[in-house]
Each structure stands twice: as structure tokens, then as C-alpha cells.
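Enquirer: Quick note on numbering: UniProt numbering labels position 64 of the sequence shown as 64, and the sequence is numbered without any gaps.
One structure coming up, written as C-alpha cells, with questions to follow.
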Amino acid sequence: MSKRLGRGLDALIPSLSVSDDDKVIEVALNQLRPNPYQPRKTFDDDSIKELAESIKQHGVIQPIIVRSVLKGYEIIAGERRFRASSLIGSKTIPAVVRSFSDQQVMEIALIENLQREDLNAIEIAIAYQAIMEKFGLTQEELSLKVGKSRSHIANFLRLLTLPQEIKEDVSRGTISMGHARALVGVKEEDVRKELASQIVEHEWSVRELEEAIQKLDQPNKETQKVKAKNKKKDPYIEHIEESLRERFKTTVKVKQQKDRGRIELLYYNKQDLERLLELLERMA
Numbered sequence: 001m002s003k004r005l006g007r008g009l010d011a012l013i014p015s016l017s018v019s020d021d022d023k024v025i026e027v028a029l030n031q032l033r034p035n036p037y038q039p040r041k042t043f044d045d046d047s048i049k050e051l052a053e054s055i056k057q058h059g060v061i062q063p064i065i066v067r068s069v070l071k072g073y074e075i076i077a078g079e080r081r082f083r084a085s086s087l088i089g090s091k092t093i094p095a096v097v098r099s100f101s102d103q104q105v106m107e108i109a110l111i112e113n114l115q116r117e118d119l120n121a122i123e124i125a126i127a128y129q130a131i132m133e134k135f136g137l138t139q140e141e142l143s144l145k146v147g148k149s150r151s152h153i154a155n156f157l158r159l160l161t162l163p164q165e166i167k168e169d170v171s172r173g174t175i176s177m178g179h180a181r182a183l184v185g186v187k188e189e190d191v192r193k194e195l196a197s198q199i200v201e202h203e204w205s206v207r208e209l210e211e212a213i214q215k216l217d218q219p220n221k222e223t224q225k226v227k228a229k230n231k232k233k234d235p236y237i238e239h240i241e242e243s244l245r246e247r248f249k250t251t252v253k254v255k256q257q258k259d260r261g262r263i264e265l266l267y268y269n270k271q272d273l274e275r276l277l278e279l280l281e282r283m284a
């Protein structure tokens, strides 16, 4: 992937390597803070635990890269090693101190994650937007820096126009980038939400979603039925769904029939199910 990088970012990558000539120091973990420009918002707990076990057995083989800031150091590369070391109770971690500008730090964080393909589509979109806003870059200028086409940048930025719950589904991987791009083309937000619900509930492929969207453009009874269903949704029920979604961090559906109904909590793997069960037990 590095061969496709823009020349501006490609030149930064060698500065992340550590040579025998570098001065390695031991930095106290309590003097370190994560990169505020880190685009990755979630870290896989299992992989951090595995890394922690490796560090316990062999130590930190590759020093982290940091820059000096007021009251300590900021992590430029190596946050997983920092988290794993913290997990096993280490007091210090080997590090190499380098000098970077804010723009370089943001660019390095983005490209390092893009190289490893660690970011989900929403994290990439947020990172692109943040760089553009902070440093006044156009889509064309950013595309040259990251070695991507302008249309690639534009497609990711359009994802940020989706409702929050749909963006969360994309982040969790329950809705793919292909699904999300198709939903961007739907103008009515309530219809977007209903289609997203159908994707998750019925495991629609992107093709099935595109066919459903095409039907929305045809004045048939099925389309009118879908739109009527969304317009009649009780605002109180929508508020309850939103509150539960915030509490349980997953897709929630409240299905009401007169004075009775049911609440559905969606989980996406065994670990997610165990997390929800633990939350419910705490509330009992």
C-alpha cells in the first residue's frame, strides 16, 4: 500500500523507523499521553491482551516514537504497545524522541493506520475531514497527500452526512461501505433509517439494498407503505430507542402494538452478547 502514498506522506514514514544510532530512553507511562490526532477510536481488546502477554514474556522489542510536549510526551507511533504495557502494570517503556509539527503528527497517524488497514470507513472519513479543516486543505490537495483520487476522498466525506446511528452501524461493521454509499444517495432521513434497519435485520446485500432504493423512485403501493410507516412513528418511541441505543451502544428497536410490544437489542458476536448480558445484570 505504501507505493500508492502521496509523496508528502511517503517521506514521513522512514522517520518512524528506529536505527541503532537512535538514542532510546525509558519513559514513565504516566508521562505519556495518546496522540490527540489518532483517527482510530477503538482498539481490539483481545489483540491488546495478546500483545501484553508477549511483552510480559519478551519485553517491548520495538521502542515507541514520541515527541516532547508540555508536561511529558505525546505518542506518535506505538499506542498499542503503550496500552499493552499499561495492562500488565509496567512503569516505563522504551521510546525514541523525535520532533514533529502538528500537521506531521496528524498525517503520520492517518497514514500509519491506512497502511495497516486498521480504520473503519467512518474513522477514515473523520480523519480526512479533520486534516482538511485544521490545515485548510481542499479535497484535491488531500488526495495528493494520501495518494488517493479526489473522488475517493469525496466518497468517504459523504458518509459523514448519514444519521449517527447509521454511522455507528458502519463503524461496527454491521453495514458495509457499499451499503453506506448507497444510503448516502437517499434524501429522506427517515427512509435512510428504515433501509438501514432492513439491512441489519435481513442481512441485505448491497445489490438488494440498491434494488430497494430503486423501488423508492417508483410510485407504487409498496413505496408508499414504507414512507407511511416512517411518518407515523411515534416521537416518544424514537426517543426511547435513542436513549437505549446510547446506553447499550447497539442497534435497538422498540416494536409497539397498541399497549404492548417488545424491545429488541441486536448483538453482532459472542463478545458483544456477553457485554450486553453484563450490562443487563448490572441494571437488575
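Ideal Cβ placement from N, Cα and C applies to all residues, glycine included.
Below 8 Å on the Cβ atoms is my guess for residue 288 versus Ile55; work out the distance and round it to an integer in Å.
Expert: What is shown of the chain runs 1 to 284, which leaves residue 288 out entirely.
Enquirer: By the three-class DSSP mapping on this structure, what secondary structure does Pro63 have?
Expert: Three-state DSSP puts Pro63 in coil, outside helix and strand.
Enquirer: Could you name the residues that DSSP lists as bridge partners for Thr92?
Expert: Answer is Ala28, bridged to Thr92.
Enquirer: Along the chain, where does the alpha helix (DSSP H) containing Gly136 start, and where does it finish?
Expert: Here Gly136 belongs to no alpha helix (DSSP H), and DSSP marks it neither H nor E.
Enquirer: Count Cβ pairs between the stretch 88 to 98 and the stretch 120 to 134 that sit closer than 8 Å; are there 3 or more?
Expert: No, because fewer than three Cβ pairs between the stretch 88 to 98 and the stretch 120 to 134 fall closer than 8 Å, the two stretches do not touch.
Enquirer: Can you tell me whether Leu273 is buried or exposed? The criterion is at least 16 other CB atoms within 10 Å of its CB, across all chains shown.
Expert: That one is exposed.
Enquirer: Would you call the CB atoms of Ala127 and Pro36 closer than 8 Å?
Expert: Taking 8 Å as the Cβ cut-off, Ala127 and Pro36 do not qualify as a contacting pair.
Enquirer: Hey, Glu140 and Arg150: beta-carbon distance below 8 Å or not?
Expert: In contact: Glu140 and Arg150 (Cβ atoms closer than 8 Å).
Enquirer: From Glu194 to Asp259, what distance separates their C-alpha atoms?
Expert: The straight-line gap from Cα to Cα measures roughly 23 Å.
Enquirer: Between the Cα of Asn120 and those of Thr251, Gly173 and Ile153, spot the shortest distance and give me the residue it belongs to.
Expert: For Asn120, the nearest C-alpha among the options comes from Gly173.
Enquirer: Quick one: residues in its chain with C-beta nearer than 8 Å to the C-beta of Gln62, no 5 flanking neighbours on either side, listed in chain order?
Expert: The residues are Val18, Gly78 and Arg81.
Enquirer: Quick one, which of Asp22, Val191, Arg207 and Leu110 has its alpha-carbon nearest Leu142's?
Expert: Residue Leu110 is the option with its Cα nearest to Leu142.
Enquirer: Taking 7 Å as the limit between beta carbons, can you name the residues of its chain near Val60, skipping five residues before and five after?
Expert: So the qualifying residues of the chain are Arg81, Ser85, Ile93 and Pro94.
Enquirer: Would you kindly check if the distance between the Cβ of Ile237 and the Cβ of Gln257 is under 8 Å?
Expert: Cβ distance not < 8 Å, so Gln257 and Ile237 don't count as in contact.
Enquirer: By Cβ distance, which residues of its chain are closer than 6 Å to Pro34, with the 5 residues on each side in sequence left out?
Expert: Excluding sequence neighbours, Pro34 sits near Ile75 and Glu79.
Enquirer: Considering Cα atoms alone, identify which of Asp21, Lys167 and Ile122 is closest to Glu189.
Expert: Ranking Asp21, Lys167 and Ile122 by Cα distance to Glu189 puts Lys167 first.
Enquirer: Residue range of the beta strand (DSSP E) that Leu265 falls in?
Expert: That run of the beta strand (DSSP E) goes Arg260 to Leu265.
Enquirer: When the Cα atoms are used, what is the spatial distance from Asp102 to Leu70?
Expert: C-alpha separation (whole angstroms): 14 Å.
Enquirer: Which term fits Thr251, buried or exposed, when burial requires 16 or more other beta carbons within 10 angstroms of its beta carbon?
Expert: Under this definition Thr251 is a buried residue.
Enquirer: Output the distance between the C-alpha atoms of Val170 and Gly178, rounded to the nearest integer angstrom.
Expert: The alpha-carbon atoms of Val170 and Gly178 are separated by roughly 10 Å.
Enquirer: Taking the alpha-carbon of Val24 as reference, which of Leu244, Arg98 and Ala125 has the nearest alpha-carbon?
Expert: The candidate whose alpha carbon is nearest that of Val24 is Arg98.
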